[in-house]
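Novice:
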Amino acid sequence: MRKSRRDFIKGAMALSGLLASAGCLRPTGKAAPWISGGPEVDPMNGAKMVRTVCLMCHSACGLQVKVKDGMALKIEGNPYHPNVMEPQLPYSTDPQQADKIGGTVCAKGGSALQTLYNPYRIQHPLKRVGPRGSGKWKTITWEQAYKEIIEGGDLFGEGKVEGLRAIRSFEPIDPQAPELGPKANQLCFMPGRIEHGRKEFTDRWFKDAYGTVNKRNDHTSICETSHHVGLDLCLVKKHHIKPDIMNAGYVIFFGTSPYEANFPMQALARKLNYFRERGGQMVIVDPRFSHSAAKAARWIPIMPGTDAAFALGMMRWMMDQDRVDLEYLSFPNRKAALEGAGHLTWSDASFLVRLDDRRYLRRGKENVVMAGGKPAPASQVQQAELLVEAEVSGVRVKSVYQLLKERVYERTIKEYAAICGVEPRVIGREAEAFTSYGHKAVADFYRGSVQHTNGTYTARAIAALNFLIGNVSWKGGCEAHGGSHWHEMGGKPGNPYNLKKKHHPGKVKARGMHIERHKNRYEDTTEFKQKGYPAKRPWFPFAYNHVYQEVIPSIADQYPYPIKCLISYWNNVVYSSPAGNHQIELLKDTSKLPLHVAIDVVMGETSSLADYILPCRHFLEVYGTPHVAPTILTTTSGVRQPVVPPVLKDTKDLEQIFIDIALKMELPGFGKDGLGAGRDLFKAWDWYKLLVANIAYGDKKGDSVPGDTEEAKVRYVLERGGRFENYGMAYKGRHTRHAYKNLCLFYSEPLATTRDSMTGQLYDGLPRYEPVLDCLGRAVEMDAQKFPFIIITYKPVYHAQARTAASSWLMGITPKESVQINAADAAKLAIEHGDPVRVFSASNPRGVKGKAWVTEGLMPGVIAVPHSLGHWQYGSQPFDLNGKQTAAAPWIGAGCSANPVMLVDPHLQDVCLQDPIGGSSSYYDSRVAVEKA
Amino acid sequence: MEALALQSEDSRLERARQHGYAFFAAFLLNSPTLESLDRLLGEEGLAGLHDMFPGDSAVRRLGLLARERRQGSWTDDELLLDFEALFRVPGSSYLHPYESAYVTALEGGGKAMLCAASTRQVARAYASLGLGLAEGFAELPDHLGVELEFMAHLCGQAASSLETDGVADACRYMKLQKDFFQEHLARWAFDCLAHLASKAQTPLYRCLASLLERFLREEQQHLCPSRVLGRSCPRIQCPG
């Protein structure tokens with residue numbers, strides 16, 4: 001109790017006016033009733049919970065959506081799904097119990113409601129009525145659209161156009177070059193984001209029914225494909241690593257911000273919170289002070305594109321200081337590694353490499369190592385010698401570790417540091433930390449490290465850091481497998497339906513070269529035999545994930561053959577690719593691309609350049625079986641399913657569009673008995689019920705979920721939004737349970753023995769740092785005086801790809817300032833925070849305009865612009881429909897995009913700089929200038 | 001006459017309480033400036049605090065801080081950084097100064113959430129009096145400073161009512177004060193202030209945490225059990 005009311009009043013009155021008022025509450029002009037202690041009104045009362053999988057980004061987090069009266073009201077995380085809860089609910093939990101528990105959902109996932117109910121969605125099939133790209137459209141029926149796309153004709157008053165029926169010919173495109181394949185290849189499918197279930201469905205349609213090899217040229221090369229390709233050249237049939245964060249002691253992330261992006265972002269961020277709470281050391285290597293950097297033990301800003309130099313510098317310190325796990329490296333086979341030190345993996349460090357043809361030295365199929373000064377088959381040796389330089393049967397050989405060490409010692413730590421723009425001690429400090437946690441330290445990387453012309457080499461350099469400490473598959477170490485998934489396409493002993501090999505009567509065999517030449521060797525062509533090097537455009541024999549940005553320029557170049565019809569789906573290549581704006585005019589050219597059919601949810605920048613737009617459904621209205629990243633150590637098969645009836649009745653799901661066309665064209669494997677005798681394929685669920693059944697029955701005999709019938713088992717899975725192994729199954733002893741158990745490759749023989757299609761030079765089999773090169777292997781000339789900044793991109797946590805701009809919630813929390821510039825750089829240019837600025841480059845002198853975000857949290861000499869902004873279509877602008885202007889929301893086009901100012905390859909002139917090995921497009925190698933606008 | 005005198009005294013007390021709440025709200029929501037620090041640590045500010053909290057060691061410590069600040073032992077930047085670390089930048093010193101974070105942590109076995117039911121409840125309480133967050137104000141409605149500001153508003157309304165002979169209205173505002181204090185501030189503010197005291201790196205915020213804690217304890221005493229406000233308003237007595 002107050003001692004003296006008088007003094008209290010006196011004192012408080014003295015304080016009045018002493019400070020400015022907080023001023024946080026203001027009259028609103030109207031009072032709303034509130035009863036103290038009254039229960040909260042629950043608008044969700046009576047809502048039904050439907051569990052599905054998100055697609056606002058690629059993390060594939062489980063969602064549970066509250067649905068009432070056919071409307072999706074609220075989105076939470078599905079508590080069965082390991083992306084959104086730690087630990088997730090036991091799989092046997094009754095779904096009604098689970099209804100009471102909400103997992104986490106990020107801002108993007110929660111705002112999926114707004115992209116579902118987006119008023120700017122395309123509502124009916126559209127046909128252009130002006131020149132392609134003129135923005136003039138009319139509504140047509142599905143029947144008219146199907147008829148014209150299939151049968152062709154003088155569709156636009158511009159001359160005859162071949163339809164799908166005429167293009168489907170099995171005659172060769174060029175009898176003089178039979179390797180190109182049949183004319184059916186002149187149909188090209190180019191989705192943007194497409195996921196499992198749907199990937200396999202469209203492969204079935206394009207490859208196995210229509211007969212084109214151009215089945216799915218999707219977006220991964222504008223994402224991080226060199227990360228996958230680089231790892232694919234380091235691991236056997238595996239191409240994704242992630243740290244086991246829950247048990248690691250130290251993680252260094254190169255070129256990624258796990259608290260904002262990467263995937264699954266929610267799980268990474270949550271696990272990193274636990275990691276940091278127990279004293280884990282997180283280090284972020286990134287030119288930008290990201291939110292992750294803010295939470296890190298150390299932030300290391302380095303020059304874009306120099307991550308490989310940093311990794312090689314760390315290796316140099318580790319070798320200098322004897323901090324390499326030489327014992328692990330000396331094990332040349334599985335048995336030796338397991339018995340010698342409990343490793344599940346082993347490496348090629350001791351394998352001998354011939355210096356004459358760059359291949360491994362082999363006896364029969366066996367690799368050869370040196371033991372006791374004598375060559376021996378790798379399988380027969382417990383521990384092999386690591387530093388070998390010798391002559392075996394007249395052939396000069398070196399061990400892989402010898403070659404690696406020579407590579408690493410080509411530069412001093414000081415020289416590596418100078419490349420990166422850091423102090424040498426920074427490299428030494430991280431190398432020391434990295435080697436201080438046994439197997440519980442990990443070097444991880446993602447998009448920022450690899451979307452460079454040197455991306456694949458960088459991926460291999462960072463992966464090699466892990467191999468040098470022998471951390472792969474250890475608890476707390478580098479995970480190269482993860483929990484993976486049940487095989488929805490079948491083929492395992494427990495699966496009832498083998499959709500890979502059966503259930504497709506009348507299947508045809510597609511053959512020939514891909515339009516963007518992924519997985520194809522130039523040396524296998526008639527052109528090479530006639531002309532040799534260089535090829536007209538690059539070939540990408542290692543890019544197993546398609547080369548997205550190269551598709552349209554190749555079509556425009558009619559190389560290696562002309563395309564007659566492009567079907568794009570949810571594709572926004574002209575917006576999303578670096579220098580994608582250069583592809584706009586290519587897409588408008590009807591002489592090079594006679595027919596472009598876009599399947600899309602909205603009027604995207606790329607679909608606006610189509611002849612027809614077929615409106616498809618939102619991910620909350622369709623099926624799918626997406627997978628998760630190896631961040632998740634337990635087996636996980638999420639199942640996407642419609643949560644509400646179609647919001648727009650005249651839209652169709654992607655599968656239905658292709659089923660309809662297949663039925664009209666009488667393609668094999670669709671319609672009555674399409675999936676084999678007694679199994680029709682008339683609608684999407686006909687397909688997905690088999691996939692979900694495979695998940696429900698499991699891969700092994702006796703691995704089934706509960707249920708007396710197939711239908712009951714399928715229902716069991718759908719009620720839970722998928723199938724999820726219980727949390728406690730993540731580990732087995734000292735290792736992860738579903739661990740990678742194979743070779744770790746410092747040296748890539750296929751890479752070392754393959755020539756680049758443009759330069760004719762052999763690739764390098766070892767980790768390597770190289771500067772920015774064009775497709776002819778020339779250093780890209782960039783005038784640093786005229787263009788003093790390197791431009792980079794990043795994903796803020798509230799945005800992902802192109803599609804998040806359609807949410808007013810997300811755009812509402814997006815700062816208006818989108819061009820980040822270092823404060824010192826800004827001061828030199830007299831730019832203040834919020835000033836309008838123009839960013840331009842040699843490839844785009846006109847440039848883009850945005851507002852400056854002046855910050856100390858960016859390396860000097862670097863400009864950062866986030867993804868997802870700067871739309872010029874997508875509902876931000878009206879278009880002409882049936883002679884009237886549509887409504888539009890200019891806020892969708894707020895901010896600016898960095899892509900239009902990125903450099904085109906100086907030789908090709910129509911596509912961005914590219915990684916010749918992985919096929920990645922370069923997002924971080926362009927120099928630009930900035931000025932006040 | 002007796003009732004009028006009581007009313008007048010009560011209106012002064014309500015006005016004083018309004019200023020007390022507003023003072024602490026301002027300190028929790030606004031970063032310290034040269035001007036605000038000069039006023040708080042000046043003669044007038046320290047005297048006011050001394051009168052409000054007689055004999056409190058935190059007031060003495062603030063007096064010492066005033067001297068240290070003049071001597072340069074503490075810079076205004078250090079005080080500003082402390083505020084930023086405590087209230088603005090998620091990091092090891094960050095308080096999460098929101099009711100929902102504390103209440104859900106208690107109810108959820110340590111798992112805290114923002115924007116939970118309590119956030120909506122306080123927003124509805126503000127709306128019931130025709131109040132909303134000011135345009136451009138970037139904090140959540142259940143920030144400790146906002147809840148204090150709302151209490152200041154209720155006290156101010158009660159004072160105004162008493163000043164204009166609106167006893168019934170004053171009773172309503174006092175009942176709202178009690179309800180709001182019990183349903184919200186009493187559930188979490190003391191825990192939050194304990195964190196503030198332990199995480200603050202400067203004597204300024206340690207002392208303010210201590211003084212606000214004392215202020216709220218006294219408020220708790222004042223509101224429940226409450227004294228009888230004259231004869232005309234027996235309903236505001238706490239039951240029992």
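So the protein sequences, as listed, match chains A and B. To convert, note that position 835 of the first sequence is 835 in my numbering; the numbers rise steadily by one, no gaps. To convert, note that position 90 of the second sequence is 90 in my numbering; the numbers rise steadily by one, no gaps. Glycine included, every Cβ here is placed at the ideal spot set by N, Cα and C.
Quick one: measure Cβ to Cβ for A36(B) and L19(A), integer angstroms, because I've assumed they're closer than 8 Å.
Specialist: Within the second sequence, residue 36(B) is the residue found at index 36, counting from 1. Within the first sequence, residue 19(A) is the residue found at index 19, counting from 1. The amino acid at residue 36(B) is misidentified as Ala; the sequence shows Ser. Right, the Cβ-Cβ distance comes to about 5 Å (below 8 Å), so this counts as a contact.
Novice: Using a threshold of 8 Å, state whether the C-beta atoms of V285(A) and I302(A) are closer than that.
Specialist: Taking the first residue of the first sequence as 1, we reach residue 285(A) at position 285. Taking the first residue of the first sequence as 1, we reach residue 302(A) at position 302. A contact, by the Cβ cut-off of 8 Å.
Novice: Under a three-way DSSP split, which group does A929(A) fall into?
Specialist: Along the first sequence, read from residue 1 onward, the residue named residue 929(A) stands at position 929. In this structure, A929(A) counts as strand in the three-state DSSP scheme.
Novice: Just checking, does the segment 660-669 of chain A make contact with the segment 146-162 of chain A on the three C-beta pairs under 8 Å criterion?
Specialist: yes
Novice: Any idea what DSSP makes of K48(A), helix, strand or coil?
Specialist: Residue numbering aside, residue 48(A) sits at position 48 when the first sequence is read from its first letter. Three-state DSSP puts K48(A) in a strand.
Novice: Considering just the uninterrupted stretch of the beta strand (DSSP E) at W137(A), what are its terminal residues?
Specialist: Here residue 137(A) refers to the residue found at position 137 when the first sequence is read from its first residue. First-last of the beta strand (DSSP E) with W137(A): 136-139.
Novice: Can you tell me whether R517(A) is buried or exposed? The criterion is at least 16 other CB atoms within 10 Å of its CB, across all chains shown.
Specialist: Start at 1 with the first residue of the first sequence, and residue 517(A) comes out as number 517. R517(A) should be labelled buried.
Novice: Return the CA-CA distance between A61(B) and R206(B), expressed in angstroms with no decimal places.
Specialist: The sequence position of residue 61(B) within the second sequence is 61, counting from 1. The sequence position of residue 206(B) within the second sequence is 206, counting from 1. According to the sequence shown, residue 61(B) is Arg rather than Ala. Whole-angstrom Cα-Cα distance: 10 Å.
Novice: Which residues of chain A have a Cβ atom closer than 9 Å to the Cβ of G45(B), listed in chain order?
Specialist: Residue 45(B) sits at position 45 when you count from the first residue of the second sequence. The contacting residues are A14, L15, L18, L19.
Novice: Tell me, please, whether the CB atom of I236(B) is closer than 8 Å to any CB atom in chain A?
Specialist: Residue mapping note: residue 236(B) aligns to position 236 of the second sequence, counting from 1. In this prediction, I236(B) scores a pLDDT of 40, lower than 50, which makes its location untrustworthy; the coordinate-derived value is nonetheless stated afterwards. It does not: the Cβ of I236(B) has no partner Cβ on chain A nearer than 8 Å.
Novice: Could you compute how far the alpha carbon of Q914(A) sits from the alpha carbon of D244(A)?
Specialist: Looking up residue 914(A) in the first sequence gives position 914. Looking up residue 244(A) in the first sequence gives position 244. Computed Cα separation, rounded: 31 Å.
Novice: If you reduce the DSSP assignment to three classes, tell me which class E770(A) lands in.
Specialist: The count along the first sequence starts at 1 and reaches residue 770(A) at position 770. Three-state result, E770(A): coil.
Novice: Out of curiosity, what's the CA-to-CA distance linking T78(A) and E527(A)?
Specialist: Your numbering for residue 78(A) matches position 78 in the first sequence. Your numbering for residue 527(A) matches position 527 in the first sequence. The residue you asked about is not Thr; residue 78(A) is Asn in the sequence shown. Approximately 54 Å, taken between the alpha carbons.
Novice: Taking W188(B) as the reference, which of M113(B), E139(B), S100(B), Y94(B) has the closest Cα?
Specialist: Here residue 188(B) is taken as the residue at index 188 of the second sequence, counted from 1. Minimum Cα distance to W188(B) is reached at S100(B).
Novice: Can you tell me whether DSSP reads A107(A) as helix, strand or coil?
Specialist: The residue given as residue 107(A) occupies position 107 in the first sequence. In the structure shown, the three-state DSSP call for A107(A) is helix.
Novice: According to DSSP, is C775(A) part of a helix, a strand, or is it coil?
Specialist: The residue given as residue 775(A) occupies position 775 in the first sequence. The answer is coil: DSSP assigns C775(A) none of H, G, I, E or B.
Novice: Anything in chain B within Cβ reach of S4(A), meaning under 9 Å, just list it in chain order.
Specialist: Here residue 4(A) corresponds to residue number 4 of the first sequence, with the count starting at 1. Chain B residues near S4(A): D51, P54.
Novice: Taking three-plus beta-carbon pairs below 8 Å as touching, is the segment 447-467 of chain A in contact with the segment 219-230 of chain A?
Specialist: yes
Novice: Looking at Y559(A) and K536(A), is the spacing between their C-beta atoms short of 8 Å?
Specialist: Numbered from 1 along the first sequence, position 536 holds the residue referred to as residue 536(A). Numbered from 1 along the first sequence, position 559 holds the residue referred to as residue 559(A). In this structure, Y559(A) lies closer than 8 Å to K536(A) by Cβ.
Novice: I'd like to know whether the C-beta atoms of V628(A) and P191(A) end up nearer to each other than 8 Å.
Specialist: For the purposes of this step, residue 628(A) is taken as the residue at position 628 of the first sequence. For the purposes of this step, residue 191(A) is taken as the residue at position 191 of the first sequence. Cβ distance not < 8 Å, so V628(A) and P191(A) don't count as in contact.
Novice: Are the segment 738-750 of chain A and the segment 368-388 of chain A in contact at 8 Å, needing three or more beta carbon pairs?
Specialist: no
Novice: Contact criterion: CB-CB distance below 8 Å. Does S36(B) meet it with respect to chain A?
Specialist: The count along the second sequence starts at 1 and reaches residue 36(B) at position 36. Yes - at least one Cβ of chain A is within 8 Å of the one on S36(B).
Novice: Could you compute how far the alpha carbon of K564(A) sits from the alpha carbon of L55(A)?
Specialist: Working through the first sequence from its first residue, we reach residue 564(A) at position 564. Working through the first sequence from its first residue, we reach residue 55(A) at position 55. Taking the straight line joining both Cα atoms gives about 31 Å.
Novice: With C-beta atoms as the reference, is L79(B) less than 8 Å away from P141(B)?
Specialist: For this step, residue 79(B) is matched to residue 79 along the second sequence. For this step, residue 141(B) is matched to residue 141 along the second sequence. No; because the gap between Cβ atoms is not below 8 Å, this pair is not in contact.
Novice: What's the gap between the Cα of A390(A) and the Cα of P175(A)?
Specialist: In the first sequence, residue 390(A) corresponds to position 390, counting from 1. In the first sequence, residue 175(A) corresponds to position 175, counting from 1. Cα to Cα, the separation comes out at about 50 Å.
Novice: Can you find the residues in the same chain that come closer than 6 Å, C-beta to C-beta, to G476(A), ignoring five residues on each side of it along the sequence?
Specialist: Looking up residue 476(A) in the first sequence gives position 476. Cβ within range, chain order: D244, N247, A248, K440.
Novice: Within this structure, are the beta carbons of A800(A) and I831(A) separated by less than 8 Å?
Specialist: Start at 1 with the first residue of the first sequence, and residue 800(A) comes out as number 800. Start at 1 with the first residue of the first sequence, and residue 831(A) comes out as number 831. It is not a contact, given that the beta carbons lie outside the stated cut-off.
Novice: Within the continuous beta strand (DSSP E) that includes P553(A), where are the two ends?
Specialist: In the first sequence, residue 553(A) corresponds to position 553, counting from 1. Note, P553(A): premise wrong, no beta strand (DSSP E); alpha helix (DSSP H) at 551-557.
Novice: Going by Cα to Cα distance, which pick from I75(A), M49(A), P87(A), A12(A) is closest to T634(A)?
Specialist: Stepping through the first sequence from its first residue, residue 634(A) is reached at position 634. Comparing Cα positions, the closest option is P87(A).
Novice: Is there a Cβ from chain A that is less than 8 Å from the Cβ of E139(B)?
Specialist: As a first step, residue 139(B) is located in the second sequence; it is residue number 139 there, counting from the start. Chain A, which has a Cβ nearer than 8 Å to the Cβ of E139(B), makes this yes.
Novice: Thinking just about the alpha-carbon of each residue, which of S591(A), H487(A), L468(A) is nearest to the one in I555(A)?
Specialist: The sequence position of residue 555(A) within the first sequence is 555, counting from 1. Ranking the options by Cα distance to I555(A), first place goes to S591(A).
Novice: The beta strand (DSSP E) that contains R245(B), what's its start and end?
Specialist: No information on residue 245(B) is available, as it lies outside the stretch 1 to 240 that chain B covers here.
Novice: Can you grab the Cα-Cα spacing for the pair G624(A) / E719(A), in whole Å?
Specialist: Sequence index remark: in the first sequence, residue 624(A) carries index 624 (1-based). Sequence index remark: in the first sequence, residue 719(A) carries index 719 (1-based). The straight-line gap from Cα to Cα measures roughly 15 Å.
Novice: Considering only residues of the segment 494-557 of chain A, which uninterrupted alpha helix (DSSP H) runs meet the minimum length of 4 residues and lie entirely inside it, listed in chain order?
Specialist: 526-531, 551-557
Novice: CB G875(A) to CB Y117(A), shorter than 8 Å?
Specialist: If you number the first sequence from 1, residue 875(A) lands on position 875. If you number the first sequence from 1, residue 117(A) lands on position 117. No, Cβ-Cβ distance for G875(A) and Y117(A) is not below 8 Å.
Novice: Spatial neighbours of H735(A) within its chain, please: C-beta separation below 7 Å, excluding the five flanking residues on both sides.
Specialist: Counting from 1 along the first sequence, the entry for residue 735(A) is found at position 735. So the qualifying residues of the chain are L344, S473, W474, K475.
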